[in-house]
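Enquirer: First, the structure itself, so that you have it in front of you.
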Amino acid sequence: MQKPKRFSLPADHADVAPWAIAALVCGALAVVAVNLSTLLPANALSGLHTPYREGANYHQIRALLDELTQDRNRVMGDYRALLARFNLLDDDSSETIRRLAAVEKSLPLLIESLPLSSDIDRSLLTASISEAAEEVYEFEGGTMVVRYSPLFDEAAPQPVADQPMPPPLAPEQPPATDPEPAVDLTLQGIAVGRAVPIAQSSEIYAEISRVAGALLLGTSPLAAAGTEPGQSRVILGPLPDLASAQALCARIERLDLPCDPAPYSGEPLPL
Numbered sequence: 001m002q003k004p005k006r007f008s009l010p011a012d013h014a015d016v017a018p019w020a021i022a023a024l025v026c027g028a029l030a031v032v033a034v035n036l037s038t039l040l041p042a043n044a045l046s047g048l049h050t051p052y053r054e055g056a057n058y059h060q061i062r063a064l065l066d067e068l069t070q071d072r073n074r075v076m077g078d079y080r081a082l083l084a085r086f087n088l089l090d091d092d093s094s095e096t097i098r099r100l101a102a103v104e105k106s107l108p109l110l111i112e113s114l115p116l117s118s119d120i121d122r123s124l125l126t127a128s129i130s131e132a133a134e135e136v137y138e139f140e141g142g143t144m145v146v147r148y149s150p151l152f153d154e155a156a157p158q159p160v161a162d163q164p165m166p167p168p169l170a171p172e173q174p175p176a177t178d179p180e181p182a183v184d185l186t187l188q189g190i191a192v193g194r195a196v197p198i199a200q201s202s203e204i205y206a207e208i209s210r211v212a213g214a215l216l217l218g219t220s221p222l223a224a225a226g227t228e229p230g231q232s233r234v235i236l237g238p239l240p241d242l243a244s245a246q247a248l249c250a251r252i253e254r255l256d257l258p259c260d261p262a263p264y265s266g267e268p269l270p271l
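Heads up, the sequence shown is in the UniProt record's numbering, so the first residue is 1 and it goes up one at a time.
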């Protein structure tokens, strides 16, 4: 008898391959996700498991706690710095008090040890404890007796005598001195160029500067009235003396410019 055939679908490898690849990819992603979860911050994973409203409040509280921790550390650092400064000030004050106490203790002993013939002002008397008048103070546990006496027994305060005013001093006559020699305060200059109307003085000075050039270094121009009314000449200076003016004129005349020594006076020209 012939056996019946089993029911089966024809196997097609082309349909199975995509599903197998998808399964392998999903498995690989699951393994990678498990390993990468340890590298993520705790807030990222906890936020996935927390409701929206509760998660926002939780993370805000964590951020505030971090800020408060930083502020606390900063305040503690400032406190330590201030404490160190206070300790230094306390040490300085203790040293100052110690030195003052040493001075207060040694100064009376030094004064008492000085002889009466020493060069000090003994009219300013003070007091010290001795066998003179006494004062009794009662306090719990006993009695204290204090006696006062002058520090220098042999020195008594002297009355201050009125000192008469000295006679007025005779006025002193200033010593006789020779009169100062007269000094010629006039300045020496040179008159360069021809006489021109006053309005053309600046043009003439520009032409003189172009021709003379370096010979005029250190001089300032003035416009002095000429011999004729309405005319003026350019005066350059000041120069040390007449000899310097003559020497400078000799060099300027070589440039075919008229030049004569003259007093340095007049109206300034714009440079």
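Beta carbons: idealized from backbone N, C-alpha and C, even for Gly.
Could you pull the DSSP bridge partners for Arg254 from this structure?
Expert: None, per the DSSP bridge assignment.
Enquirer: Ignore the nearest five residues each way along the sequence and tell me which others in Arg74's own chain have a CB closer than 8 Å to its CB.
Expert: none
Enquirer: Taking Leu242 as the reference, give the member of Pro263, Gly230, Val234 with the closest Cα.
Expert: Pro263
Enquirer: Should the region 249 to 264 be regarded as contacting the region 200 to 215, the criterion being three or more beta carbon pairs within less than 8 Å?
Expert: yes
Enquirer: Report the residue ranges of all beta strand (DSSP E) runs contained in full by the region 174 to 224; include only those spanning at least 3 residues, in chain order.
Expert: 188 to 197
Enquirer: Would you decide whether Asp256 is buried or exposed? Buried here means 16 or more other CB atoms lie within 10 Å of its CB.
Expert: Classified as exposed, Asp256 has fewer than 16 neighbouring CB atoms from the shown chains inside 10 Å of its CB.
Enquirer: I think Leu222 touches Ser265, with their Cβ atoms under 8 Å apart; what is that distance to the nearest whole Å?
Expert: 7 Å
Enquirer: Does Thr219 pass the burial test, meaning 16 or more other C-beta atoms within 10 Å, or should it be called exposed?
Expert: Result: buried.
Enquirer: Whose C-alpha, out of Tyr58, Pro268, Arg62, is nearest the C-alpha of Ala224?
Expert: Residue Pro268 is the option with its Cα nearest to Ala224.
Enquirer: Beta-carbon separation of Val234 and Ile198 under 7 Å?
Expert: no
Enquirer: Using the DSSP secondary-structure output, state which residues sit across from Cys26 in a beta bridge.
Expert: Answer is none; Cys26 lacks a bridge partner.
Enquirer: Would you decide whether Ile190 is buried or exposed? Buried here means 16 or more other CB atoms lie within 10 Å of its CB.
Expert: buried
Enquirer: Closest to Arg147 by CA distance: which of Phe139, Pro240, Glu134, Leu39 is it?
Expert: Glu134
Enquirer: So, is Gly142 buried or exposed, given that buried needs 16 or more other C-beta atoms within 10 angstroms?
Expert: exposed
Enquirer: So, using beta-carbon positions, are Gln188 and Ala245 closer together than 7 Å?
Expert: yes
Enquirer: Going by DSSP in three states, Asp241 sits in which element: helix, strand or coil?
Expert: Correct three-state label for Asp241: coil.
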